[in-house]
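Just so you know, we're using numbering that gives the first Met the number 0 here: the sequence shown kicks off at 0 and counts up by one. C-beta atoms are modelled at their ideal positions from N, C-alpha and C, and glycine is treated no differently. Just so we're clear, the structure is a prediction, and the values are computed from it rather than from any experiment.
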Amino acid sequence: MKAELLYEGKAKQVYRSSTDSEKLVLAYKNDATAFNGKKKESFPGKGRLNNEISSFIFPYLHERGIKSHFVKRLNETEQLVMETEIIPLEIVVRNLATGSITKRLGFEEGSLFESPLIELFYKNDELDDPLINDDHALLLTDVTHKDLREIKVKALEINTVLKEFFQSINLQLVDFKLEFGRLQNGSIVLADEISPDTCRLWDMETGAKMDKDVFRQGTGDLISVYEQILQRLERWV
Ligand code: UDP
C-alpha cells in the first residue's frame, strides 16, 4: 500500500499510496513531542491509539456534512487519505481558556469564553509556529479572504459537532487545533488528525486532563489516558 516516503513530521509519516497516485498513506508514529519538539518521548501504542481515534472522528464528522481528506483506516497505525496541499495554518478553536492563551493574554485558567474563540498560527517550526492575524495569513500563505472565512466557518461547525459528541461521552472539549488542505480541484477540506494530541479533553466529572497535557506537564500516563478515550468512543458506537 505504501510507496515512497514524502514527508516525516513529529507524529506522522506521509507516504504516496502504491495503488492510487491521488492518495496518501498516513503512518502514525509513537513519538510525542511538546514545546515545539524540545520535549520528546516515544510511547509504544500511541500511533495505534491516535490512528484509531482519528479514524473514528473523521467519518463521524463526514456524516454530519464536514468533508475531509480521510478515506479509510488501513491497519493499526495507518490510514488512507486524499492528497491535499496543506495550508500552513494551525486553526485553534477554544471554548475554555488554558495553555498558551492564559500565558499570553492573562485569561484565568479554565474560564469559559462567551463564544468560541478562533486563533491562527503560522505553521513554521523555525519560527516556533507564531500567532498571526488574518492579514499575516493573506501575506504568508496562498489563502484568500474568502478561503479564510470558509475555514473559520468550518472550524466553528466542527467545534459545534465535536463539543456535543464529546459531551455525550462525558468529556469537555476545551480547545483543539485543525489543519486544512486543498484537493486537486481547489476545494478546501479538513486534513491532518483529530486526536488527544491535538485536542484538550477534560473529564466532565473529575476535571481530569485526558489529552497530551499529561505528557506536556508530566502529570500522568499518556497511553492509559488515550486508551480511556478510545474505550469511551468504542462504547458510544
Ligand atoms: N495544538 C496542537 N499542535 C500545536 C499547538 C497546539 O495540536 O502545535 C493544540 C493543543 O493540543 C491544544 C490547542 O491546540 O488543544 C491550543 O494549544 P495552545 O495554543 O494552548 O498550545 P500550548 O502552547 O499550550 O501547547
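| Asked | Found |
| --- | --- |
| Lys162 versus Leu138 - alpha carbon distance | 32 angstroms |
| Where the alpha helix (DSSP H) containing Asn94 begins and where it ends | Where Asn94 is concerned, there is no enclosing alpha helix (DSSP H), although the beta strand (DSSP E) it sits in stretches over 88–95. |
| The stretch 127–144 touching the stretch 204–222, judged by at least three CB pairs closer than 8 angstroms | no |
| heavy atom of the ligand UDP below 6 angstroms from Asp30 C-beta | no |
| Sufficient close CB pairs (3 or more, under 8 angstroms) joining the stretch 12–19 to the stretch 192–201 | no |
| Cross-strand partners of Asp202 (DSSP beta bridge) | Leu170 |
| Simplified DSSP state of Asp141, which is helix, strand or coil | coil |
| Beta-carbon proximity of Phe179 to Val92, cut-off 7 angstroms | no |
| Where Arg103 sits in the DSSP three-state scheme | helix |
| Cβ separation of Phe42 and Leu232, assumed to be a contact under 8 angstroms, to the nearest whole Å | Incorrect: roughly 19 angstroms between the Cβ atoms, too far for contact. |
| 7 angstroms Cβ cutoff met for Lys66 and Thr32 | no |
| Any non-hydrogen atom of the ligand UDP closer than 6 angstroms to Thr218 Cβ | no |
| Pairwise C-alpha distance: Ser194 and Val224 | 12 angstroms |
| C-beta atoms of Glu156 and Phe120 nearer than 7 angstroms | no |
| Of the listed residues Ala2, Ser53, Lys37, Asp30, nearest to Lys22 (C-alpha basis) | Ala2 |
| For Ile187: DSSP bridge partner residues | Arg181 |
| Near the ligand UDP: Lys38 beta-carbon under 6 angstroms from a heavy atom | no |
| Near the ligand UDP: Arg176 beta-carbon under 6 angstroms from a heavy atom | For clarity, residue 176 is Lys in the given sequence; the question names Arg instead. Answer for Lys176: yes, Cβ within range of the ligand UDP. |
| Nearest candidate by alpha-carbon position, reference Ile117, set Gln227, Ser53, Lys151, Val13 | Lys151 |
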